[in-house]
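According to numbering that gives the first Met the number 0, the stretch in the sequence shown is residues 0 to 222, in order. Ideal Cβ placement from N, Cα and C applies to all residues, glycine included. Source: prediction; values computed, not measured.
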Amino acid sequence: MLKDEKAVVVFSGGQDSTTCLFWALQTFKEVEVVTFNYNQRHKEEIECAKRIAKDLHVNHHVLDMALLNQLAPNALTRSDIEVKEGGNGELPSTFVPGRNLLFLSFAAVLASQIGAKHIITGVCETDFSGYPDCRDAFIKSLNVTINLAMDSQFVIHTPLMWLNKAETWKLADELGQLQYVQENTLTCYEGIIGNGCGKCPACKLRKAGLDTYLLSKQKDEIV
0 MLKDEKAVVV
10 FSGGQDSTTC
20 LFWALQTFKE
30 VEVVTFNYNQ
40 RHKEEIECAK
50 RIAKDLHVNH
60 HVLDMALLNQ
70 LAPNALTRSD
80 IEVKEGGNGE
90 LPSTFVPGRN
100 LLFLSFAAVL
110 ASQIGAKHII
120 TGVCETDFSG
130 YPDCRDAFIK
140 SLNVTINLAM
150 DSQFVIHTPL
160 MWLNKAETWK
170 LADELGQLQY
180 VQENTLTCYE
190 GIIGNGCGKC
200 PACKLRKAGL
210 DTYLLSKQKD
220 EIV
């Protein structure tokens with residue numbers, strides 16, 4: 000029974016990871032979260048994650064991953080690199096090579112130290128912006144590799160893998176946390192909590208998903 004087990008959520012304080020945190024809190028007996036500091040563009044991301052963890056009374060680990068900043072210059076690690084969507088088969092300028100590979104590997108090491116068997120991440124192949132390390136095949140492959148490397152039986156859960164952004168908002172609503180996620184999470188590349196700047200790719204995707212979900216919900220209520 001999962002209700003008797005412990006889990007670690009890879010947690011950024013964004014819409015997706017916060018929805019996953021609420022899902023985990025309803026699924027597992029005990030939940031802790033881990034946030035990675037890789038000198039990302041906006042330190043507000045880490046502060047936002049701290050506030051949410053405090054709100055929800057979950058133990059919060061912040062791990063130093065500054066080396067990733069040195070190895071992978073991109074729009075999330077350099078303020079002088081423009082945030083641009085991918086085009087003509089190219090990845091967005093916000094892609095951080097190896098990020099989920101490293102984050103999940105270190106989350107597994109942490110999980111082994113705190114007695115957790117389950118690792119939750121908010122990666123999604125439906126609205127994944129072309130990031131290769133958000134694909135289901137990668138997660139399944141890494142899960143096998145981590146278990147072989149650590150001689151363990153971790154389970155990596157991806158509650159959002161096959162959901163689009165509207166369906167992710169729906170899940171937050173079903174968990175009773177739509178308003179909390181909308182008002183307290185940070186998705187914006189400009190570091191603005193809640194609805195964000197409304198202009199960057201992350202804000203546009205978030206808003207389009209919310210608008211679609213609320214319209215669908217309104218139609219269902221009328222019927």
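Item                                                                                                                                                  : Value
Using 8 Å as the threshold, is the segment 16-28 in touch with the segment 119-136, meaning 3 or more CB pairs across them?                           : yes
Let me know the secondary structure DSSP gives Val30 once reduced to three states.                                                                    : strand
Taking the straight line between their C-alpha atoms, what separation do you get for His60 and Pro158?                                                : 21 Å
Can Ile45 be considered in contact with the ligand HEM, in the sense that its beta carbon sits closer than 8 Å to one or more heavy atoms?            : Within the structure as shown, the ligand HEM is missing, as the structure has no ligands at all.
Considering only residues of the same chain and omitting the five flanking positions on each side of Gln152, which have a CB-CB separation below 7 Å? : Lys116 and Asn146
Val143 by DSSP, collapsed to three states: which one?                                                                                                 : helix
Please say whether Phe105 and Val8 have beta carbons closer to each other than 9 Å?                                                                   : no
Alpha carbon to alpha carbon, how far is Asn183 from Ala48?                                                                                           : 9 Å
Can you tell which of Glu46, Asp54, His56 and Gln39 has the C-alpha that lies nearest to the C-alpha of Leu239?                                       : Not covered by the structure: residue 239. The range shown for the chain is 0 to 222.
Out of Gly208, Asp135 and Lys164, which has the shortest C-alpha to C-alpha gap to Leu100?                                                            : Asp135
By alpha-carbon positions, which one of Glu166, Leu162, Gln14 and Asn36 ends up nearest to Phe102?                                                    : Asn36
Are the CB atoms of Ile155 and Glu31 within a distance shorter than 9 Å?                                                                              : no
In chain order, what residues of the same chain lie with their CB nearer than 6 Å to the CB of Leu90, ignoring the 5 residues before and after it?    : Only weak support is given to the placement of Leu90: the predicted model assigns it a pLDDT of 49, under 50, and the question is left unresolved by the model.
Between Leu177 and the rest of its own chain, which residues show a CB-CB distance below 6 Å, the 5 nearest in sequence each way excluded?            : Ala171
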